[in-house]
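Participant: Just so we're aligned, residue 4 is where the sequence shown starts under my numbering, counting upward by one. Ideal Cβ positions, reconstructed from N, Cα and C, are used throughout, including at glycine.
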Amino acid sequence: MTKDNSYYKVVIVGGGPAGIATSLTLSSIGISNCIIEATIEPTKKCGEAIPPNAKPILKQLGIQHLIEHPRHIKYYGNKVCWGSENLEQKEFIRGIHGYGYLLDRLYFEKQLRKQVKKNGTAFYEGYKLNTVSRSKSAIEAVISNTQNEITINGSYIVDGTGRKASVCRKLGIYKTAIDSQFAITFSVKTLSIIANEIMVETTENGWWYVAPEGNDQYTLMFFTTKDLIPKKEELEMFLEKELLHLKHISKILNPMTCNFEKIRIMPAGTSCLDIPYGDRWIAVGDAAYAYDPVSSYGITSALASGFYAGKALASYFLGKEDAMLVYRYILENAFQSYMEKLTKYYSTETKWKESTYWKYRFFDLYDKTI
Ligand SMILES: Cc1cc2nc3c(=O)[nH]c(=O)nc-3n(C[C@H](O)[C@H](O)[C@H](O)COP(=O)(O)OP(=O)(O)OC[C@H]3O[C@@H](n4cnc5c(N)ncnc54)[C@H](O)[C@@H]3O)c2cc1C
């Protein structure tokens, strides 16, 4: 192990959309920062739908041009079967921001890293945070990969580590899980022409989400509750059975071409911190508030929270103590409004009042908002 010592005003842990948006904002104001990211290269993450109202924040961050790349597809709405038997077309085009984007997510993550490196920002790729400690006026983070251990000093640490909120955990701060929704994801090859749209359909045990991935396959996600997910060896049979309940999505899928070898299971519910900042730390993106994917809020809100966190830190360094309170106010308000919309939306699906998923889902969420 070799030792190194470096200093940055702000140490950002996590090189996803939230961490990168924080870095871009800080660098634009001239505040030194670095990013510590566990993966050497970006890996494929779930989540590709960017709604039209994401455009202003992309513009603010100076990265709107990234999504104009042909690898990201413009899309104009969703087809949704939720709360009735019919598949309804929900168009964006009437809104002021027009179309949204279906991202090539892996490529987007590569673009984001490139953008940060262009600023000359130190990017510790392949390094994990081991420990973090705080004194009255500073933080110290020890990070390592297989060869090196580096001690980094700074004034503030940013938790941009996603749903796990690893920095907060190391500081003894834990998120509250509002519900226990999980996603099971896999892909399906197709020979037919793929439409640039998302399809959503509810079933007794949860809801399905289908999005195009490249020219010849779809990404499929089944959202259900943790209790209903069977053991690994029974998963394929479980999914095959669930697919049979689909009325609309089944028309574009051939279950024979499902790639069950690449099944991934991950948490996909709502979770939040009580307060998104504290002594010498601030949380951004999913680390602060993780959203239900039905909302398509995740990436946009990760970028926005990174932007506002960067601004709050800049004000704080100028001696404006209230800056963090303003950050909290913005995030809490957005989250409250999301919870109200989410609860309302889930309550519109009344076909399976006695089902484990729908019964507890609605009441779980409802309890947290009243
Ligand atoms: C199934 C599913 C579907 C989704 N669909 C959508 C969608 O359609 N649209 C949408 O907007 N959102 C969607 N989302 C949500 C979206 O993907 C997230 O909200 C978004 O990625 C959050 O960005 P982030 O930067 O906060 O976290 P992340 O993107 O998770 O980035 C965190 C980064 O921190 C790194 N890291 C973690 N721990 C450490 C550590 N200890 N040390 C160093 N680095 C670390 C990780 O490697 C990672 O790169 C979906 C989520 C799920 C689960």
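Please list the terminal residues of the continuous alpha helix (DSSP H) segment that includes glycine 22.
Facilitator: Counting along the chain, the alpha helix (DSSP H) containing glycine 22 begins and ends at 20-32.
Participant: Looking at chain D, is there any beta carbon in it that lies within less than 8 Å of the beta carbon of valine 191?
Facilitator: The structure shown contains no chain D; it is built from a single protein chain.
Participant: Any heavy atom of ligand 1 closer than 7 Å to the Cβ of leucine 238?
Facilitator: Every heavy atom of ligand 1 is 7 Å or more from the Cβ of leucine 238, so no.
Participant: Tell me which residues share the same chain as glycine 272 and place their Cβ nearer than 8 Å to its Cβ, disregarding the 5 neighbours each side in the sequence.
Facilitator: Counting only Cβ-Cβ distances below 8 Å, and skipping sequence neighbours, we find Ala180, Ile181, Asp182, Ser183, Gln184, Phe185, Ala293 and Asp295.
Participant: According to DSSP, is isoleucine 373 helix, strand or coil?
Facilitator: Residue confidence is low: isoleucine 373 scores 48 on pLDDT, short of 50, so the model does not pin down where it sits. No coordinate-derived value is stated.
Participant: Report the rounded CA-to-CA distance for tyrosine 130 versus lysine 121, giving the unit in angstroms.
Facilitator: Those two C-alpha atoms are separated by around 20 Å.
Participant: Taking the CB atoms as reference points, tell me whether tyrosine 104 and glutamate 94 lie closer together than 8 Å.
Facilitator: No, the Cβ-Cβ distance between tyrosine 104 and glutamate 94 is not below 8 Å.
Participant: For leucine 64, count the other beta carbons within 10 Å of its own beta carbon; 16 or more makes it buried, fewer makes it exposed. Which is it?
Facilitator: Classification for leucine 64: buried.
Participant: Assuming isoleucine 38 and phenylalanine 126 make a contact with CB atoms under 8 Å, what is their CB distance in whole Å?
Facilitator: The Cβ separation is near 5 Å, so the contact holds.
Participant: Starting from cysteine 37, trace the beta strand (DSSP E) in both directions and tell me its first and last residue.
Facilitator: Here the beta strand (DSSP E) through cysteine 37 covers 36-40.
Participant: For glutamine 150, count the other beta carbons within 10 Å of its own beta carbon; 16 or more makes it buried, fewer makes it exposed. Which is it?
Facilitator: Per the 10 Å Cβ criterion, exposed.
Participant: Checking the sheet assignment: what are the DSSP bridge partners for tyrosine 11?
Facilitator: Its beta-bridge partners are Gly157.
Participant: At what residue ranges does the stretch 270-343 contain a whole run of the beta strand (DSSP E), taking only runs of 3 or more?
Facilitator: Segments of the beta strand (DSSP E) lying fully in the stretch 270-343: 284-286.
Participant: Taking 7 Å as the line, does the beta carbon of glycine 103 fall inside it for any heavy atom of ligand 1?
Facilitator: No, the Cβ of glycine 103 stays beyond 7 Å of every heavy atom of ligand 1.
Participant: Do glycine 309 and valine 329 have their beta-carbon atoms positioned less than 8 Å apart in this structure?
Facilitator: Going by C-beta atoms, valine 329 is not nearer than 8 Å to glycine 309.
Participant: Using the C-alpha atoms, what's the distance from lysine 58 back to glutamine 67?
Facilitator: The alpha-carbon atoms of glutamine 67 and lysine 58 are separated by roughly 7 Å.
Participant: Between valine 83 and arginine 364, what straight-line distance do the alpha-carbon atoms span, to the nearest angstrom?
Facilitator: Roughly 19 Å between the two C-alpha positions.
Participant: Tell me, which residues are paired with serine 144 by DSSP?
Facilitator: The residue asked about is misnamed: residue 144 is alanine in this sequence, not serine. Looking at the DSSP assignment, alanine 144 forms a beta bridge with Val135 and Ile155.
Participant: Considering Cα atoms alone, identify which of Ala144, Ala198 and Pro270 is closest to leucine 174.
Facilitator: The candidate whose alpha carbon is nearest that of leucine 174 is Ala144.
Participant: If you follow the alpha helix (DSSP H) that serine 169 is in, where does it begin and where does it stop?
Facilitator: Where serine 169 is concerned, the enclosing alpha helix (DSSP H) stretches over 169-173.
Participant: Output the residue ranges of the alpha helix (DSSP H) runs that lie fully inside the stretch 51-104 and measure 4 residues or longer, sorted by chain position.
Facilitator: For the stretch 51-104, whole alpha helix (DSSP H) runs of length 4 or above, ordered along the chain, are 58-63 and 67-70.
Participant: Phenylalanine 126 bridges to which residues according to DSSP?
Facilitator: DSSP output for phenylalanine 126 lists Ile38 as bridge partner(s).
Participant: Taking 7 Å as the cut-off, is the C-beta of serine 178 nearer than that to any heavy atom in ligand 1?
Facilitator: Per the sequence presented here, residue 178 reads as lysine, with serine not at that position. Flag unset: Cβ of lysine 178 not near ligand 1.
Participant: Quick one: Cα of isoleucine 201 to Cα of alanine 141, how far?
Facilitator: Their Cα atoms are separated by approximately 46 Å.
Participant: So, for histidine 251: in the same chain, excluding its five sequence neighbours on each side, which residues have a beta-carbon less than 6 Å away from its beta-carbon?
Facilitator: Cys84, Leu90 and Glu204, listed in sequence order.
Participant: State the beta-bridge partners of leucine 345 as determined by DSSP.
Facilitator: Answer is none; leucine 345 lacks a bridge partner.
Participant: Would you report the Cα separation of glycine 163 and aspartate 107, rounded to the nearest angstrom?
Facilitator: Cα-Cα distance, rounded: 21 Å.
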